[in-house]
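Notes for the one structure printed next.
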Amino acid sequence: MNRASTIVFGATLFALWCGPKPAAAQPVPAPARPTAAPSPRAASCHNGANFDRFLADLKQQAAAAGVSQRALAEAAPYLVYDQGIVNRDRGQRVFGQIFTEFAGRMAATYRMQQGQARIKTYSAAFARAEKEYGVPPAVIAA
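To convert, note that position 14 of the sequence shown is 13 in numbering that gives the first Met the number 0; the numbers rise steadily by one, no gaps.
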């Protein structure tokens, strides 16, 4: 997993941890983790590794990046494999194309030139963003 994904995961966990808490008089039970065995498609999650292994690695990386164990524990009930989301993601027509078709359609020359020009024009802002968040200018401009 790259640094940007770790940062996004950490920010998500932080937001969940800092978000509004239910009133003490009205506790809200945490959602139950699914008890059914993972579906066969779950095994293909994250480059061939199973979801539980992916999640364990993600938590380890988040902890190494400074996310507290408390934040990880509070977010844990919400970190579940959802086959419906995977189906919707994999059902997007754009992903039915091979990369060269997609790149030819979406990464046209004028878009590349426009992105490079904006990186030059706003170089100070891109440099600050890269320093603060670790995301390279080309990724932001894309």
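Using N, Cα and C, we set each Cβ at its ideal position, and we do this for glycine too.
Assign residue i to one of two classes, buried (16 or more other C-beta atoms within 10 Å of its C-beta) or exposed (fewer than that).
i	result
Ala-35	Note that Ala-35 scores 44 on pLDDT, short of 50, meaning its location in the model is unreliable; the coordinates nonetheless yield the value given after this. Ala-35 comes out exposed.
Val-66	buried
Lys-58	buried
Phe-98	exposed
Ala-107	exposed
Ala-126	exposed
Taking only three categories from DSSP, how would you classify residue i?
i	result
Ser-122	helix
Gln-91	coil
Asn-49	coil
Ala-140	helix
Ala-42	Unreliable positioning characterises Ala-42 in this predicted model, as indicated by a pLDDT of 45, which lies under 50. A coordinate reading is not provided.
Gln-112	helix
Asp-81	coil
Gly-151	This structure cannot settle anything about residue 151, because the visible part of the chain is limited to 0 through 141.
Thr-34	Here Thr-34 scores only 43 on pLDDT, less than 50, and its place in the model should not be relied on; the value that follows carries that caveat. It is coil, neither helix nor strand.
Gln-96	coil
Pro-135	coil
Gln-68	helix
Residue i: which of the options sits nearest, CA to CA?
i	options	result
Tyr-80	Gln-59, Asn-49, Ile-97, Leu-71	Asn-49
Ala-102	Asn-86, Ala-141, Arg-89	Ala-141
Tyr-121	Gln-96, Pro-136, Ala-64	Pro-136
Asp-51	Gln-113, Ala-64, Ala-75	Ala-75
Give a yes or no on whether the C-beta atoms belonging to residue i and residue j are separated by under 8 Å.
i	j	result
Leu-54	Ala-61	no
Ala-128	Ile-118	no
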